[in-house]
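Asker:
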Amino acid sequence: MSAGGQPFGAAARDIPPLVTTWTTLGVLDWTTKRFTDAGLDSPRLDAQVLLAHVLACTKVQLYTQFDKPLGEAELARYRELIRRRLAGEPIAYLVGEQEFWSLPLWVDPAVLVPRRDTETLIEVVLSALPDRAAPRRVLDLCTGSGAIAVTLARELAGATVVATDVSAPAAALARRNVERHGLAARIDVREGDLWAALPADEPAFDVVVSNPPYVATGVIATLAPEVRREPVLALDGGVDGLDLVRRLVDGLPARLAPGGLVAIEHGFDQADAVRTLLAPFGEAKTKADLGGQPRVTWLVRAR
53 MSAGGQPFGA
63 AARDIPPLVT
73 TWTTLGVLDW
83 TTKRFTDAGL
93 DSPRLDAQVL
103 LAHVLACTKV
113 QLYTQFDKPL
123 GEAELARYRE
133 LIRRRLAGEP
143 IAYLVGEQEF
153 WSLPLWVDPA
163 VLVPRRDTET
173 LIEVVLSALP
183 DRAAPRRVLD
193 LCTGSGAIAV
203 TLARELAGAT
213 VVATDVSAPA
223 AALARRNVER
233 HGLAARIDVR
243 EGDLWAALPA
253 DEPAFDVVVS
263 NPPYVATGVI
273 ATLAPEVRRE
283 PVLALDGGVD
293 GLDLVRRLVD
303 GLPARLAPGG
313 LVAIEHGFDQ
323 ADAVRTLLAP
333 FGEAKTKADL
343 GGQPRVTWLV
353 RAR
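Following our numbering, the numbering of the sequence shown begins with 53 at its first residue and continues without gaps.
Shown next as structure tokens:
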């Protein structure tokens with residue numbers, strides 16, 4: 053309710069009209085209900101993130117000023133974000149940012165939204181490399197936003213990283229995130245299709261990681277609406293979802309140093325197939341994500 057007793061929207065299905073008597077808490081409550089009615093997974097959090105973005109404050113600060121009236125321009129911006137969220141746009145695209153491994157990263161529709169599941173890959177690498185200060189060369193294939201490359205460079209103080217992506221807009225965004233975190237001297241972002249981004253005389257790598265496209269082509273149409281807003285190039289892994297994984301494994305003999313680590317994110321039902329593909333290099337293991345699903349398969353190459 054507004055101070056004058058008028059509802060935020062004329063009907064439950066309406067996007068709220070422009071009024072000037074809505075407080076922070078009133079707007080949040082209305083939007084949470086609207087997102088709940090629409091079946092969104094995290095309605096209150098979505099409402100908070102969008103309003104904090106409009107007001108340029110933190111989610112905590114929303115509640116320290118819960119009785120603050122919103123201005124007409126603020127309501128107009130928030131109203132538009134509500135409309136776009138209800139149309140299926142991911143929250144991260146709406147605010148232009150996503151947190152990964154507690155690091156803020158810029159994102160846009162040219163890249164996948166970094167997810168908590170992918171942090172499983174970071175955990176695997178850090179567990180396998182207890183000496184984080186040791187000098188080592190790291191390769192991040194299909195880097196997207198650069199989330200993995202940036203995180204590993206931050207966590208592995210002695211590492212230099214090469215990050216590649218076939219998409220020019222994705223590579224450009226990854227460079228922005230590299231610069232944002234002050235890592236331009238240690239991360240080289242290159243545009244190219246997997247191994248094609250590397251010259252023939254490129255030295256072998258001590259670590260090769262990737263979150264490649266791994267969704268089977270026929271499954272893409274069944275994904276959640278907001279996932280389908282993400283770039284198909286970064287989702288489509290071919291008929292069985294493993295086209296990119298096969299190509300990645302094919303390049304390992306020449307690119308992964310003996311004793312080197314390879315870690316690959318994959319679908320919940322692909323672990324057995326990925327372990328089979330990696331079998332020529334040693335005994336592969338799989339680590340589950342936070343939801344208990346097999347998510348990252350890895351091994352240390354036999355010397």
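Glycine is no exception: its CB is placed at the ideal position from the N, C-alpha and C atoms.
By alpha-carbon positions, which one of 96, 75 and 300 ends up nearest to residue 123?
Answerer: For the purposes of this step, residue 123 is identified with residue 71 of the sequence shown, where counting begins at 1. Comparing C-alpha distances from residue 123 to each of 96, 75 and 300 shows the shortest one belongs to 75.
Asker: Report buried or exposed for residue 195, applying the criterion of at least 16 other Cβ atoms within 10 angstroms of its Cβ.
Answerer: Mapped onto the sequence shown, residue 195 falls at position 143. Buried, since its Cβ has 16 or more Cβ neighbours within 10 Å.
Asker: Measure the beta-carbon distance from residue 233 to residue 189 and round it to whole angstroms, keeping in mind my assumption that it falls under 8 Å.
Answerer: On the sequence shown, residue 233 is found 181 positions in, with the first residue counted as 1. On the sequence shown, residue 189 is found 137 positions in, with the first residue counted as 1. Actually they are not in contact, since the Cβ atoms of residue 233 and residue 189 sit about 19 Å apart, beyond 8 Å.
Asker: Assuming residue 319 and residue 293 make a contact with CB atoms under 8 Å, what is their CB distance in whole Å?
Answerer: Within the sequence shown, the letter at position 267 stands for residue 319. Within the sequence shown, the letter at position 241 stands for residue 293. Between residue 293 and residue 319 the Cβ distance is about 6 Å, and since that is below 8 Å, they are a contact.
Asker: Could you check whether residue 165 and residue 180 sit closer than 8 Å to each other, using their CB atoms as the reference points?
Answerer: Numbered from its first residue, the sequence shown carries residue 180 at position 128. Numbered from its first residue, the sequence shown carries residue 165 at position 113. Their beta carbons are not under 8 Å apart, which means residue 180 does not touch residue 165 by this criterion.
Asker: Please report the distance separating the alpha-carbon of residue 99 from that of residue 84.
Answerer: In the sequence shown, the residue the question calls residue 99 occupies position 47. In the sequence shown, the residue the question calls residue 84 occupies position 32. Rounded to the nearest angstrom, the two C-alpha atoms are 6 Å apart.
Asker: Using three-state DSSP, classify residue 298 as helix, strand or coil.
Answerer: As a first step, residue 298 is located in the sequence shown; it is residue number 246 there, counting from the start. Looking at residue 298 - three-state DSSP - the assignment turns out to be helix.
Asker: Are residue 130 and residue 79 close, meaning C-beta to C-beta below 8 Å?
Answerer: Position 78 of the sequence shown, counted from the first residue, corresponds to residue 130. Position 27 of the sequence shown, counted from the first residue, corresponds to residue 79. Going by beta carbons, residue 130 and residue 79 fall inside the 8 Å limit.
Asker: Skipping 5 residues on each side, what residues in its chain have a beta carbon closer than 8 Å to that of residue 331?
Answerer: Here residue 331 is taken as the residue at index 279 of the sequence shown, counted from 1. No residues qualify anywhere along the chain.
Asker: When you compare the CB positions of residue 262 and residue 208, do they come within less than 8 Å of one another, or not?
Answerer: Here the question's residue 262 lines up with position 210 in the sequence shown. Here the question's residue 208 lines up with position 156 in the sequence shown. In this structure, residue 262 lies away from residue 208, with their beta-carbon atoms at least 8 Å apart.
Asker: Taking residue 333 as the reference, which of 162, 203, 302 and 225 has the closest Cα?
Answerer: Within the sequence shown, numbered from 1, the residue matching residue 333 stands at position 281. Taking each of 162, 203, 302 and 225 in turn and checking the Cα distance to residue 333, the smallest one comes out for 302.
Asker: Where does residue 310 land, buried or exposed, given buried means 16+ other C-beta within 10 angstroms?
Answerer: Against the sequence shown, residue 310 aligns to sequence position 258. By the 10 Å Cβ count, residue 310 comes out exposed.
Asker: Could you check which residue in 280, 259 and 244 has the C-alpha nearest to that of residue 352?
Answerer: Counted from its first residue, the sequence shown places residue 352 at position 300. Of the listed residues, the one whose Cα sits closest to residue 352 is 259.
Asker: On the DSSP letters alone, give me the boundaries of the alpha helix (DSSP H) that residue 82 sits inside.
Answerer: Position 30 of the sequence shown holds residue 82. Counting along the chain, the alpha helix (DSSP H) containing residue 82 begins and ends at 76-89.
Asker: Would DSSP call residue 257 helix, strand or coil?
Answerer: Here residue 257 refers to the residue found at position 205 of the sequence shown. Residue state, collapsed to three classes: strand.
Asker: What's the C-alpha gap between residue 136 and residue 146?
Answerer: For the purposes of this step, residue 136 is taken as residue 84 along the sequence shown, with counting starting at 1. For the purposes of this step, residue 146 is taken as residue 94 along the sequence shown, with counting starting at 1. For the pair residue 136 and residue 146, the Cα-to-Cα distance works out to about 8 Å.
Asker: In the DSSP output, which residue or residues are listed as bridge partners for residue 160?
Answerer: Here the question's residue 160 lines up with position 108 in the sequence shown. For residue 160, no pairing in a beta bridge is given by DSSP.
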